[in-house]
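Take a look at the structure below.
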Amino acid sequence: FYVKIPNFSMPNLIDLFLGNNYLTDTIPNFNLPNLIGMDLANNQLSGSIPSELGNLSNLTTLGLSENQLSGSIPASLGNLNNLIEFYLASNQLSGSIPVSLGNLSNLLEMNLYQNPLTGSIPASLGNLGSLTHLTLANTQLSGSIPAELGNLSNLTTLILTDNQLSGSIPGSLGNLTNLEQISLQNN
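Put into structure tokens, the structure is as follows:
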């Protein structure tokens, strides 16, 4: 499809899966209070991520990867307390990673790779005790790896390649006994 996404107002809709199409334009401000899953990945969506998505309190999956989204990641997404999967990879998102994302206590997977993100990795991500996969590769993140990432006891995958990170590798990462893959090259 080469179409825009209509501004849905469907109070009973729980899943919105429109990935792998040729959807264009911006993400509208949806009135979908019961939405649990949203997958708009692999389209041609542009513009910014609406901060109103942070009001979709039942959302467990947010997939916006592989579009042309720009601007910053809205801090309001840190309000999505039920979020389990968070995919924003391969866009043109810039600015820093919001500290508020450390509030996503049920999150299992966070993938923000291949965005021109700047600033440091927020220490608040160390609060994501359920997290199993963290991928922040191929961005422009700088500074040191926060020691707080050593608190992520369920983490199996940590990928921080192709950034501008500096300093030493925190000894606290040695606490990650479930870790199966760690990739820190090209920093």
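Be aware that the sequence shown starts at -13, since it is given in this note's numbering, and climbs by one per residue. Beta carbons: idealized from backbone N, C-alpha and C, even for Gly.
Anticipated Cβ contact below 8 Å, residue i with residue j, distance rounded
i	j	result
L39	G5	L39 to G5, Cβ: 16 Å. No contact.
L79	L93	Going by Cβ atoms, the distance from L79 to L93 rounds to 18 Å, so no, they are not a contact pair.
M24	T10	The Cβ separation is near 17 Å, so there is no contact.
L127	Q150	7 Å
S86	G57	About 16 Å; that fails the 8 Å criterion.
I168	L138	About 12 Å separates the two Cβ atoms, so there is no contact after all.
L162	L146	That pair is no contact at about 13 Å.
CB contact flag (residue i, residue j, <8 Å)
i	j	result
N172	L141	no
A109	P84	no
L98	T121	yes
L18	L42	yes
N44	N20	yes
S106	G129	yes
L103	T125	yes
N77	L111	no
S37	P60	yes
Residue i classed as buried or exposed, judged by whether at least 16 other C-beta atoms fall within 10 angstroms
i	result
Q30	exposed
D148	buried
I13	buried
I35	buried
E166	exposed
I0	exposed
Y73	buried
N53	buried
M96	buried
Complete runs of the beta strand (DSSP E) confined to the region -12 to 21 [at least 3 residues]: Within the region -12 to 21, complete beta strand (DSSP E) segments of at least 3 residues are found at 1 to 3, given in chain order.
Please go through the region 65 to 109 and give each complete alpha helix (DSSP H) segment of 4 or more residues, from N-terminal end onward. The qualifying runs do not exist here; there are none.
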